[in-house]
Structure formats: structure tokens, C-alpha cells
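Student:
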Amino acid sequence: MMNIKLFISTALILLSTLLFSQNENANQVQVTKFNAHITELTTEKTALITENKSLNEEITKLKAELNKAKKEASSSQKEISEKNEDIINKMEKDKETAKLAKKRDKAVKKNEKQVKEVNQLTNKLKKKEQQLDKNNKKIVGIDKQKEKLNKKIKKLSAK
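The opening position of the sequence shown corresponds to residue 6 in our numbering, with each subsequent residue numbered one higher.
(1) Could you pull out every unbroken beta strand (DSSP E) segment of at least 3 residues lying fully inside the stretch 46 to 85, listed in chain order?
(2) In angstroms, rounded to a whole number, what distance separates the CA positions of T22 and N32?
(3) Output the distance between the C-alpha atoms of A112 and D91, rounded to the nearest integer angstrom.
(4) In angstroms with no decimal places, state the Cα-to-Cα distance between T48 and K68.
(5) For D99 and Q135, I'd like the C-alpha separation in whole angstroms.
(6) To the nearest angstrom, report how far apart R109 and N128 are at their CA atoms.
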């Protein structure tokens, strides 16, 4: 019986050892699976970190480009505003210029009328002066004729 007890004890010890060993193997397999999963996660994390570095560099470059584009757009907008202001000023000057041109045109027309009137009066004056000159010459001619006639009368009267 002792052999049976020893046998049973040995069998129980072996069975316990076997069960413990299987349990340990199962735990070891589980740990290996967890470690493999951790390795996968670490690899994925490393890939994401690398991608993030690349993305951060691209983001930095894009921000710089965006700022540059904003500055250019702002500068361009300022330039447009200045040009608009110049255009408005020019339009106002053009309006003033147009008004002044109209006034000048009226003044030119008025002056042309005045010049025409002056020319007409000058022509009338010349005609009148010419007529006066003719009349004076006729008067001188008449006076000479009268003198001649008076001389003839005196000669005839003296005879």
C-alpha cells in the first residue's frame, strides 16, 4: 500500500508538475503574444512619430508660405487701394479738368466772337478811314480846283 500511496503521491506530484508546467507554458505563450503585440504597437508608434515629424516640417513650410502669401496679398491689396485712390483723385481732377475745359471752351468762343467783332469794327474803321481819306483828297482836289477857278476869276476880273 505504501507503494500505491507512493505511486499516487508520485503521480500527483507529476500531474501537478505537468499541470503547473502547462499553466506556465500557457502563461509564457500569453506573455509572448503580449510582447509581440507591444512590439507591433511600438513599431506603429515609431512610424507615426516619424510621419508626425515629416508632417510638422511640412506644416512649418506651409505656414511660412501662407504668411508670405498673406503678406503679398496684403501688399497687393494696399497697392490696389492706392491705385483706387489715385484713380479717384484722377477722376476728380478729370472732372475739374473737364469743368475747366468747358469754361475755357466758353471763354474761347466768347473771345472768338470778340475777335470777330474787333475784326468787323477794324474793317469798318478802315473803310471809314479810307472814305475819310478819299473825302479829304476830294476836298483837297476841290480846294485846288476852287483856287484855280478863283485865280482864273481874278485874272478875268483884272483884265
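In this text, a Cβ means the ideal position worked out from N, Cα and C, and glycines have one as well.
Tutor: On the basis of the coordinates in this document:
(1) none
(2) 15 Å
(3) 30 Å
(4) 30 Å
(5) 51 Å
(6) 28 Å
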